[in-house]
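Chains as they are written, first to last, in my numbering: chain X, 649 to 761; chain H, 160 to 274.
Note that beta-carbon positions come from the ideal geometry of N, C-alpha and C, so glycine has one too.
All values derive from a computational prediction rather than experimental measurement.
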Amino acid sequence: DAGVIQSPRHEVTEMGQEVTLRCKPISGHNSLFWYRQTMMRGLELLIYFNNNVPIDDSGMPEDRFSAKMPNASFSTLKIQPSEPRDSAVYFCASSQTVNYGYTFGSGTRLTVV
Amino acid sequence: AQKITQTQPGMFVQEKEAVTLDCTYDTSDPSYGLFWYKQPSSGEMIFLIYQGSYDQQNATEGRYSLNFQKARKSANLVISASQLGDSAMYFCAMREGGWDDKIIFGKGTRLHILP
């Protein structure tokens with residue numbers, strides 16, 4: 649099992665550019681989560697999907713952020729336009745059942761300059 | 160209001176000693192789950208242990224155990240015989256209800272194991 653795969657691992661971009669983060673969940677997992685981690689705010693849930701359907705996007709900071717899950721094996725988190733305050737580590741996680749912990753990807757460290 | 164409270168931002172413990180990391184939670188839902196995760200300096204998030212609200216016994220996984228005190232809404236993580244590799248950030252987390260898969264994390268406790 650390859651685990652949850654995120655790409656890229658690191659992204660440096662200029663303010664105003666579009667950024668797309670990618671996630672491949674573990675095969676058979678029916679829930680997928682996007683988190684953002686910063687020193688100030690800790691781990692924040694941005695959005696999560698169940699069976700490819702967005703269930704709760706109340707954590708998405710603003711309209712610049714959007715997420716999609718076109719199929720069970722792929723999800724994207726897009727920021728357009730990016731701003732320096734978006735700099736953070738973005739984690740994707742997937743789970744099969746709520747009684748087990750999520751499996752997290754390695755994260756994408758985003759730096760917006 | 161915070162749902163998960165970890166009051167110890169940082170702890171220093173001598174190697175081989177037992178460690179207790181505190182976690183209190185707030186929920187009115189009778190069905191919930193509690194989790195602990197470890198985040199070493201490399202950044203990955205590692206699932207350690209899970210406790211369901213209806214579980215009668217405290218969860219254990221190797222050197223990790225969860226001291227679940229339901230009436231106090233407390234879910235402390237106990238690490239026995241600490242090792243240098245236990246130095247990391249530890250997060251307590253909670254899932255409320257049955258249908259909603261969402262897990263909310265606390266702010267974390269940074270644990271330093273001293274040789």
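Q) His658/X to Gln215/H, Cα distance in whole Å? A) For the purposes of this step, residue 658/X is identified with residue 10 of the first sequence, where counting begins at 1. For the purposes of this step, residue 215/H is identified with residue 56 of the second sequence, where counting begins at 1. C-alpha separation (whole angstroms): 44 Å.
Q: Give a yes or no on whether the minimum CB-CB distance between Gly755/X and chain B is below 8 Å.
A: The structure shown contains no chain B; the protein chains it does contain are X and H.
**Q.** Within chain H, the residues that Gly690/X reaches when beta carbons sit closer than 9 Å
**A.** In the first sequence, residue 690/X corresponds to position 42, counting from 1. Listed along chain H, the residues sitting closer than 9 Å to Gly690/X by beta-carbon distance are Phe250, Phe264, Gly265, Lys266, Gly267.
Q | CB of Pro729/X within 8 Å of CB of Val761/X, strictly | A | Against the first sequence, residue 729/X aligns to sequence position 81. Against the first sequence, residue 761/X aligns to sequence position 113. In this structure, Val761/X does not lie closer than 8 Å to Pro729/X by Cβ.
Q. Which of the three DSSP states, helix, strand or coil, is assigned to Pro732/X?
A. Counting from one through the first sequence, the residue named residue 732/X turns up at place 84. Of the three classes helix, strand and coil, the one that applies to Pro732/X here is helix, per DSSP.
Q: Tell me where the beta strand (DSSP E) around His658/X begins and ends.
A: Walking along the first sequence from the start, residue 658/X turns up at place 10. Where His658/X is concerned, the enclosing beta strand (DSSP E) stretches over 658-661.
Q | Selected residue, minimal CA-CA separation from Leu725/X, among Phe697/X, Thr686/X, Ile674/X | A | Taking the first residue of the first sequence as position 1, residue 725/X is located at position 77. When only C-alpha atoms are compared, the closest one is Phe697/X.
Q. Just the Cα atoms here: how many angstroms apart are Tyr213/H and Pro189/H?
A. For this step, residue 213/H is matched to residue 54 along the second sequence. For this step, residue 189/H is matched to residue 30 along the second sequence. Looking at the two C-alpha atoms, the distance is approximately 8 Å.
Q: Below 8 Å on the Cβ atoms is my guess for Gln173/H versus Leu273/H; work out the distance and round it to an integer in Å.
A: Translated into positions along the second sequence, residue 173/H becomes position 14. Translated into positions along the second sequence, residue 273/H becomes position 114. Rounded, the Cβ-Cβ distance is 5 Å, consistent with contact.
Q) Would DSSP call Gly755/X helix, strand or coil? A) Stepping through the first sequence from its first residue, residue 755/X is reached at position 107. In the structure shown, Gly755/X falls within a coil segment according to DSSP collapsed to helix, strand and coil.
**Q.** Under the three-state DSSP convention, the category Asp245/H falls into
**A.** Stepping through the second sequence from its first residue, residue 245/H is reached at position 86. If DSSP states are grouped into helix, strand and coil, Asp245/H belongs with the helices.
Q.
With the cut-off set at 8 Å, would you say Met170/H and His271/H are in Cβ contact?
A. For the purposes of this step, residue 170/H is taken as the residue at position 11 of the second sequence. For the purposes of this step, residue 271/H is taken as the residue at position 112 of the second sequence. Taking 8 Å as the Cβ cut-off, Met170/H and His271/H qualify as a contacting pair.
Q.
Taking the straight line between their C-alpha atoms, what separation do you get for Ala715/X and Pro656/X?
A. Within the first sequence, residue 715/X is the residue found at index 67, counting from 1. Within the first sequence, residue 656/X is the residue found at index 8, counting from 1. Between the alpha carbons of Ala715/X and Pro656/X lies a distance of about 16 Å.
**Q.** Proximity test, Cβ basis, 8 Å: Asp711/X and chain H
**A.** On the first sequence, residue 711/X is found 63 positions in, with the first residue counted as 1. At a cut-off of 8 Å, the C-beta of Asp711/X has no neighbouring C-beta in chain H.
**Q.** Proximal chain H residues relative to Val737/X, where beta-carbon distance stays under 8 Å
**A.** On the first sequence, residue 737/X is found 89 positions in, with the first residue counted as 1. Going along chain H in sequence order, the residues near Val737/X (Cβ under 8 Å) are Gly202.
Q: For my contact list, Thr759/X and Val660/X are in at a C-beta cut-off of 8 Å; report their separation, rounded to the angstrom.
A: On the first sequence, position 111 is the one that residue 759/X refers to. On the first sequence, position 12 is the one that residue 660/X refers to. Correct: roughly 5 Å between the Cβ atoms.
Q.
Counting only Cβ pairs nearer than 9 Å, list the residues of chain H close to Leu693/X.
A. The sequence position of residue 693/X within the first sequence is 45, counting from 1. The answer, in chain order, is Lys261, Ile262, Ile263, Phe264.
(Q) I'd like to know whether the C-beta of Asp704/X is nearer than 8 Å to at least one C-beta of chain H. (A) On the first sequence, position 56 is the one that residue 704/X refers to. Among the residues facing chain H, Asp704/X is included, as its CB has a counterpart in that chain under 8 Å away.
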